[in-house]
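Chains as they are written, first to last, in the UniProt record's numbering: chain C, 1 to 677; chain P, 1 to 92.
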């Protein structure tokens, strides 16, 4: 649609776009409105049908369209109220189709129509029922589960009340009595003082004590009011009250009360005897002290007849007699109660006499037995005394005997000990004597040995002295021989030295010959070596040879002719540089070279310190053969002249050194030969 | 024996390294002359080249070059001689 609209806009070209757009918007809005009116655009059919309905029945489908419009119309007419409620149901758009496809289901609509109220009602009904059920279930479950109980009571309204009510009901059902009592708490509960109920927890001992007291009191009260017999009715309300209060004390009190109720009847019958006995014993005890006055008896005041006096036995100490008396007293009391005093008075009196007699007899028997016992005891004591005396005397005798025996034994022992000590002392003395004797012997022996040694030493000394005397003479002889040998060897030395000096002379001559013979300088090292060997360790010869420059004997020395020849060359050069000033440059050198040609030459031993005169002198000396002076003259030069003549001077020196050394060696050799002679 | 064998080596070395004392001055003169020749020739050559290239074949640049060379040689010779004299003085 948008494309088409655009296309149209393009076709229009220059038309304002806003207007076209506005038109299109309108159209679009109109179309949209139409669609919205139709409400459901999912189905193409309903959308198309309502529009096409009037015009194009023939165009689309002729058969299908007719039924739906009726339906839709009907539905629209019939359900204007339901429509807003129903729309969310997605089945509704389908439903019309189904209805359209199947026309027979008209029955469903009637229930729908009628069922709205009903449904509403049913809905609320179901809601209430479900709510009630849920509430009920919640209440029920809250009674089972504690967590749920908390949740339920906290968040569900009226939940707490409901649960509480239910619990209350349940509790009341279980304990109806408690519930009643709770409602009437104002009733006062009275607990009688003697009921036995106390604030204390039940105790075995105390309850017993309380019981006894209660029994006594009840007994007393029963004795006092046995004939009344009204009491049993009083405790009943108390019992009822107790039932309501507590369980434990209630039971106990019940038991107590039952006992109390039951007891009063048998107690007077069963437990009366002790009371009269007690009462009877009291008079008996009391009767002991006055001994003869039975006036205290109470039953004697009985009015109807003179009652029988209860028995008062003077000798009632014996238990048997006591028992008998008690029995008789019982009988007497019975008789007194029955009022049959007159009938049994005589027999009872007899019985009393008999009893008295029995008591007396028993007393007599006792006294007799005591006497016998005393006698026996006395006899026994006497016997014991005698036996003790005998025992004491016997023990003393034995003690004395033992003492005597011990003394004897002690003395014997003492003597034995003394003897043994004496023996020991003697033995020690003997030993000491022996030791001293042995010591003396030892000293004697030592002295003898020392004497022997001294003697041997003396002998040795004398022998050695004699021997030394003879040996000394022999030594003198040997020394004389050695002197002779020395003398001979000395002569041998002299001969050897002589030979050596001769050889030295020969060697020196050989060296000189080798020097003089040579037309050319040649090394004379072999001759020198021979000379050194011959003059073995002669310091003078060694020093002389050492003074020679090594190069001299290695290469040989130049001959005088050579030296003169070289001097001439050197002299020309020196003359060229004779006029040079100090620190001369090229110009001064050139001038000196030129001017030196113009100088006059001197002759002979010219006097003067200039270069020319020195050179002339040197030449004359050389011609004379005086190398030494020539060298001295040349050594006097200075500057360039000396530098130029340096090598020639070295040569001359070498020659002079060799000559000097040879002269020294020759003098040494001569000295040696002179020494020997 | 070692003394006999040892000498030969020093002899030639001395001949090469140090001339005989009387020839010292002559040797220096030889050196100076050769130096003069070389330097003056070099200067002349440069002078000729410059005269040809720059000075339109004038004569004076060639003479000037030769003079420069000769002067240089003279100076060197003078220096060497003076140095030798100084050495002699120091030795004395």
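By construction, the Cβ of each residue, glycine as well, lies at the ideal position given by its N, Cα and C atoms.
Exercise. Closer than 8 angstroms, CB to CB, is residue 640 of chain C near chain P or not?
Worked result: yes
Exercise. Hey, would you say residue 652 of chain C sits closer than 8 angstroms to residue 631 of chain C, going by beta carbons?
Worked result: yes
For this session: Classify residue 524 of chain C as helix, strand or coil using the three-state DSSP reduction.
Result: coil
Problem set entry | N- and C-terminal bounds of the alpha helix (DSSP H) containing residue 173 of chain C | 159-174
Problem set entry | Under the three-state DSSP convention, the category residue 480 of chain C falls into | helix
For this session: Specify whether the region 20-39 of chain P and the region 70-89 of chain P touch according to this definition: at least 3 beta carbon pairs, one from each stretch, less than 8 angstroms apart.
Result: yes
For this session: Look at residue 629 of chain C and residue 649 of chain C and say whether their C-beta atoms are less than 8 angstroms apart.
Result: no
Exercise. Does any CB atom of chain P fall closer than 8 angstroms to the CB of residue 583 of chain C?
Worked result: yes
Exercise. Thinking C-beta only, is residue 321 of chain C closer than 8 angstroms to residue 377 of chain C?
Worked result: no
Problem set entry | Residue range of the alpha helix (DSSP H) that includes residue 543 of chain C | 539-547
Exercise. Mind checking if residue 33 of chain P is an interface residue toward chain C, Cβ cutoff 8 angstroms exclusive?
Worked result: no
Exercise. Would you report the Cα separation of residue 626 of chain C and residue 524 of chain C, rounded to the nearest angstrom?
Worked result: 23 angstroms
Exercise. Hey, out of C/675, C/139, C/128, C/657, whose CA is closest to residue 552 of chain C's CA?
Worked result: C/657
Exercise. Mind pulling the chain P residues with CB within less than 8 angstroms of residue 577 of chain C?
Worked result: 25
Exercise. So what's residue 57 of chain P in DSSP terms, helix, strand or just coil?
Worked result: coil
For this session: Flag this pair as touching only if the region 354-372 of chain C and the region 322-331 of chain C have three or more C-beta atom pairs under 8 angstroms; answer yes or no.
Result: yes
For this session: Run down chain P in chain order and give the residues with a C-beta less than 8 angstroms from the C-beta of residue 573 of chain C.
Result: 22, 23, 25, 26
Exercise. Among C/365, C/337, C/309, which has the Cα closest to the Cα of residue 350 of chain C?
Worked result: C/309
Problem set entry | Proximal residues of chain P, C-beta to C-beta of residue 569 of chain C below 8 angstroms | 22
Problem set entry | chain P contacts from the region 622-646 of chain C (Cβ-Cβ distance under 9 angstroms) | 638, 639, 640, 642, 643, 644, 645, 646
Problem set entry | Cα-Cα separation, residue 158 of chain C to residue 123 of chain C | 23 angstroms
Exercise. Excluding the five sequence neighbours on either side, which residues of its own chain have a C-beta within less than 7 angstroms of the C-beta of residue 29 of chain C, listed in chain order?
Worked result: Confidence at residue 29 of chain C is low in this model, with a pLDDT of 49, below 50, so the placement of that residue is unreliable and no value is reported for it.
For this session: Closer than 7 angstroms by beta-carbon distance: list the chain C residues that pair up with residue 88 of chain P, in chain order.
Result: 639, 640, 643
Exercise. So which residues on chain C does residue 82 of chain P lean against when the C-beta distance must stay under 7 angstroms?
Worked result: 583, 585
For this session: Could you check how far apart the C-beta atoms of residue 662 of chain C and residue 564 of chain C are, in whole angstroms? I think they sit under 8 angstroms.
Result: The Cβ separation is near 21 angstroms, so there is no contact.
Exercise. Mind checking if residue 505 of chain C is an interface residue toward chain P, Cβ cutoff 8 angstroms exclusive?
Worked result: no
Exercise. Can you give the Cα-Cα distance for residue 583 of chain C and residue 85 of chain P, rounded to whole angstroms?
Worked result: 6 angstroms
Exercise. Are there 16 or more other CB atoms within 10 angstroms of the CB of residue 409 of chain C, so buried, or fewer, so exposed?
Worked result: exposed
For this session: Could you please tell me which residues of the region 589-615 of chain C, in chain order, have their CB closer than 7 angstroms to any CB of chain P?
Result: 589
Exercise. Going by beta carbon distance, what residues of the same chain come within less than 6 angstroms of residue 666 of chain C, once the five residues before and after it are set aside?
Worked result: 508
Exercise. Got a sec: is the Cβ-Cβ distance from residue 64 of chain P to anything in chain C below 8 angstroms?
Worked result: no
Exercise. If we count Cβ pairs, one from each stretch, closer than 8 angstroms, do we get three or more for the region 50-62 of chain P versus the region 597-611 of chain C?
Worked result: no
For this session: State yes or no: is the beta carbon of residue 85 of chain P nearer than 8 angstroms to at least one beta carbon in chain C?
Result: yes
For this session: Return the residue from the list C/167, C/671, C/156, C/125 that minimises the CA-CA distance to residue 143 of chain C.
Result: C/167
Problem set entry | Residue interval of the alpha helix (DSSP H) (run including residue 319 of chain C) | 319-338
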